[in-house]
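Residues 8 to 550 in this note's numbering are what the sequence shown lists, from first letter to last. C-beta: ideal position from N, C-alpha, C; glycine also. Just so you know, these numbers come straight off a predicted model, no measurement behind them. Working notes, beginning with the structure itself.
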Amino acid sequence: MTPERSTALWFIQLFCCAFLLLDTSTSRAARVDAKAIEQQLSNSAASGSNKAGFSHVQKFYAQRGFQPVWLTDNPGPSLLEAALAFIANADAEGLDSGDYRLAELRQLQQQADQSSAAAVELELRTTWAVLNLARDVSRGKLTATAADPDWHIAQPDFDAVGFLQAAVQSGRLPQAFEELPPTKLHYRLLKQILARYRKLADEQIEWLKIPDAPSIHPGDTHPHIPLIRQRITQAYNADSIAEFQVKPSKSEHYDQELVSAVKAFQAQHNLNTDGVIGKNTLRALNRPLAWKIRQLRINMERLRWLPKKLGDRYLLVNTAGFMLTATEQDQEVLSMRIIVGRDYRSTPTFNSAMSHMVLNPYWNVPHSIATKDLLPKQKSDPAFFSSGGFKIFPGNNRNAEPIDPDEIDWHDLKGGFPYFLRQDPGKHNALGRIKFMFSNSFSIYLHDTPSKSLFNRDIRTFSSGCIRLEKPLELAAFALKEQSLPEKFTADLDSENTKTVHLPKPLPIFLVYITAWVDEHEMVHFSPDIYDRDLRALRYARW
């Protein structure tokens, strides 16, 4: 190449680079003045635009004397590009960048250096988008109680105008944007998994659907086995779980390698790891990728609804996941399986603070449970109340002499149930040996249970709303801030006498409904939507 040709090529490259730089920094060339901003906002107010969501934009500019933020002559990194990058990242947060008019803003950006009207419009609409997105990323886009009427945890407050003013004045706008989402590891990992699943969706990956069939047990031969093997391979491509990496085979034999893979899949989907491909496992295998993406999005939204700080020590009761975890200094120190309310007595979402425990509790049976659940059992078994340790009192008079159940014609009861039932402490007591109390308007508490076998079921919706615990004694030790239970506590428990034990400090507790989460090994888990709250919230969000 001749020197002249080399020099010409260098000038062409320099011109192209300059053009690209100009194209990506039009915000610096198009200066917007305060008077234009004030006039445009005044015209918007006169036309009623502020009613459509511009009131916070007006407040923002009024506080800064209507000086521009994005289109200024200030040297240094482009704040406009930082803002547009933030808006483009909305999809990564499980939101939709289209809701914040990203395409419209990019179009205005191209016009801003040629049109002062476009420049003012770009300035104001960028602020509108940033204020809305900052709020949505920080506290959730949806109104929690509207999306989920069973949600009773106060949604965090967020002052978007104050946030943006402080972020701009501090000179660290990009960092401020990064600090808006929940900081919990679970949220960040869900975000990574959402990106991975969306990449699969963009590649038009479709997961295989397995036809309905009776349960397939380890060692069986079944024509669906090759399909299931392929579906597990697809799961490996999505989640990279080592057990999912099975050898290709057309064999219809349900061999040990595939059994191990199915067990790992069951664990991931919060099902019993028995290797039996029954209806619940089949339903999980057949969940399409599109649904998983929607499930990840709505659970990221729920995490945004929660307070930023849950406490140094707290309990998280995930009713959808049938799990309770105890956390101390951001470390999970205890976990256990739980049993939650039936679908028609679903456990709501709320928070409180555990205050005390009751050892060897009585069970004061709620009227609805006495009539709907227990009375039919007494009618079919005349010894049910007596053998179960139930006392029957007239009306609501708990101080009266109990009535002998044999003196009542239970089949002749008409027009209501004129009795109060109380179960004595003991091995048959439905609350077991200990219950954990915290103030709430739902009459819900945590308790032990004599029905231990139910913890081995896949879908554990057997209670009347309260939470049954797999490891009540371990929870008692955590609540008392002890490594193990004190001797006096154990002696009081063994005495079978009812006793109240107050905690040294109230223990925050959050009862939530999370159907997608990540464990300490960074493995994503999914649970069935047992109360249809995912479905209801997604319909509300139109996601």
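- request: Mind checking which residues open and close the beta strand (DSSP E) that includes Pro368?
  value: Neither: Pro368 is in no beta strand (DSSP E) and is coded neither H nor E.
- request: Taking Val175 and Val76 to be in contact with their CB atoms under 8 angstroms, please state how far apart those CB atoms are, rounded to whole angstroms.
  value: So it is a contact: roughly 6 angstroms between Cβ atoms.
- prompt: For Phe357, which option in Leu140, Ser534, Gly348, Phe517 has the closest C-alpha, if you only look at C-alpha atoms?
  reply: Ranking Leu140, Ser534, Gly348, Phe517 by Cα distance to Phe357 puts Phe517 first.
query: Would the beta-carbon of Ile300 fall within 8 angstroms of that of Tyr194?
result: No; because the gap between Cβ atoms is not below 8 angstroms, this pair is not in contact.
task: Give every residue of the same chain whose Cβ lies closer than 8 angstroms to the Cβ of Thr33, excluding the five residues on either side of it in the sequence, and list them in chain order.
output: Its pLDDT being 39, under 50, Thr33 is placed unreliably in this model, and the value from its coordinates should be taken loosely. Cβ-Cβ distances below 8 angstroms link Thr33 to Gln116, Gln117, Ala119, Asp120 in the same chain, with the five nearest sequence neighbours on each side left out; the list follows chain order.
field: beta strand (DSSP E) segment containing Met343, residue limits
entry: Unbroken beta strand (DSSP E) run through Met343: 338-348.
query: What's the C-alpha gap between Phe469 and Asn436?
result: The alpha-carbon of Phe469 is positioned some 16 angstroms away from that of Asn436.
- prompt: Under a three-way DSSP split, which group does Ala333 fall into?
  reply: Three-state DSSP puts Ala333 in a strand.
- request: With Asn325 as the anchor, note down where its beta strand (DSSP E) starts and where it stops.
  value: Run containing Asn325: 320-325, per the beta strand (DSSP E) assignment.
task: Report buried or exposed for Ala483, applying the criterion of at least 16 other Cβ atoms within 10 angstroms of its Cβ.
output: Ala483 comes out buried.
- prompt: Where do the N-terminal and C-terminal ends of the alpha helix (DSSP H) with Phe67 fall, by residue?
  reply: That run of the alpha helix (DSSP H) goes 62-70.
query: Can you check whether the CB of Asp246 is closer than 8 angstroms to the CB of Val525?
result: If you check the CB distance, Val525 and Asp246 do not come in under 8 angstroms.
- prompt: By Cβ distance, which residues of its chain are closer than 6 angstroms to Arg35, with the 5 residues on each side in sequence left out?
  reply: Legend: pLDDT at Arg35 = 44, less than 50; position of this residue unreliable, value from coordinates given subsequently. Taking Arg35 as the centre and dropping the five residues before and after it, the same chain places no C-beta closer than 6 angstroms to its C-beta.
- prompt: Roughly how many whole angstroms lie between the Cα atoms of Trp550 and Thr240?
  reply: A straight-line Cα-Cα distance of about 28 angstroms links Trp550 and Thr240.
message: Once the 5 residues before and after Tyr426 are set aside, which same chain residues still bring their CB inside 6 angstroms of it?
response: Here the set comprises Ile399.
field: Proximal residues to Tyr243 (C-beta, below 6 angstroms), its chain only, five neighbours per side dropped
entry: Counting only Cβ-Cβ distances below 6 angstroms, and skipping sequence neighbours, we find Phe251, Gln252.
task: Spatial neighbours of Ile200 within its chain, please: CB distance less than 6 angstroms, with the 5 preceding and 5 following residues excluded, ordered by chain position.
output: For Ile200, the CB contacts under 6 angstroms within the same chain, skipping 5 residues up- and downstream, are Val531 in chain order.
message: Pop quiz: Val168 and Ser222 are said to be a contact at Cβ under 8 angstroms. What is the actual Cβ separation, rounded to whole angstroms?
response: Cβ-Cβ separation between Val168 and Ser222: approximately 58 angstroms, too far for a contact (criterion under 8 angstroms).
query: Which partner residues does Phe397 have in the DSSP bridge list?
result: Looking at the DSSP output, Phe397 sits in a beta bridge with Gln430.
message: Rounding to the nearest angstrom, what Cα-Cα distance links Phe485 and Leu514 in this structure?
response: Whole-angstrom Cα-Cα distance: 10 angstroms.
task: Can you tell me which of Arg320, Asp541, Thr332 puts its alpha carbon nearest to the alpha carbon of Ala360?
output: Nearest in C-alpha terms to Ala360, of all of Arg320, Asp541, Thr332, is Arg320.
message: Quick check on the DSSP output: what are the complete beta strand (DSSP E) runs of length 3 or more inside the segment 507-535, in order along the chain?
response: The qualifying runs are 523-525, 531-533.
message: Quick check on the DSSP output: the beta strand (DSSP E) that includes Ser470 runs from which residue to which?
response: For Ser470, the enclosing beta strand (DSSP E) starts and ends at 468-470.
message: Residues in the same chain with beta-carbon distance under 6 angstroms from Pro401, minus the five sequence neighbours each way, listed in chain order, please.
response: Closer than 6 angstroms at the Cβ level, and outside the excluded window around Pro401, lie Ala407.
Inside the segment 251-281 only - alpha helix (DSSP H) runs reaching at least 4 residues: List check, alpha helix (DSSP H) in window: 263-275.
- request: Determine which residues share a DSSP beta bridge with Ala360 and list them.
  value: Its beta-bridge partners are Pro515.
Nearest-angstrom beta carbon gap, Leu197 and Leu303 [assumed within contact, 8 angstroms]: That belief holds up - the Cβ atoms of Leu303 and Leu197 are roughly 6 angstroms apart, short of 8 angstroms.
field: Buried/exposed call for Gln182, threshold 16 Cβ in 10 Å
entry: Looking at its Cβ environment, which holds fewer than 16 other Cβ atoms inside 10 Å, Gln182 is exposed.
- prompt: Hey, how far is the Cα of Gly423 from the Cα of Pro225?
  reply: Their backbone Cα atoms lie some 51 angstroms apart in a straight line.
query: Between the C-alpha atoms of Asn57 and Ser51, what's the straight-line distance to the nearest angstrom?
result: Reliability of the predicted coordinates at Asn57 is poor, the pLDDT of 49 falling under 50, and the value obtained from them is presented with this limitation in mind. In a straight line, the C-alpha of Asn57 is about 6 angstroms away from that of Ser51.
- prompt: Should Ile410 be labelled buried (16 or more other beta-carbon atoms within 10 Å of its own) or exposed?
  reply: Classification of Ile410: exposed, given that the 10 Å Cβ count is below 16.
- request: Specify the secondary structure class of Thr228 as computed by DSSP and reduced to three states.
  value: Note: Thr228 maps to strand in three-state DSSP.
message: Quick check: Leu323 and Val519, are their CB atoms within less than 8 angstroms of each other?
response: In this structure, the beta-carbon distance from Leu323 to Val519 falls below 8 angstroms.
query: Which residue from Gln46, Glu335, Asp106, Ser362 puts its Cα closest to that of Lys512?
result: Measuring from the Cα of Lys512, the nearest candidate turns out to be Ser362.
- prompt: In chain order, what residues of the same chain lie with their CB nearer than 8 angstroms to the CB of Thr505, ignoring the 5 residues before and after it?
  reply: So the list reads Val365, Leu366, Asn367, Pro368, Tyr369, Pro432, once near-sequence residues are dropped.
task: Work out the CA separation of Ser353 and Ser571 for me, nearest whole Å.
output: The question about residue 571 has no answer here: the residues shown for the chain are numbered 8 through 550.
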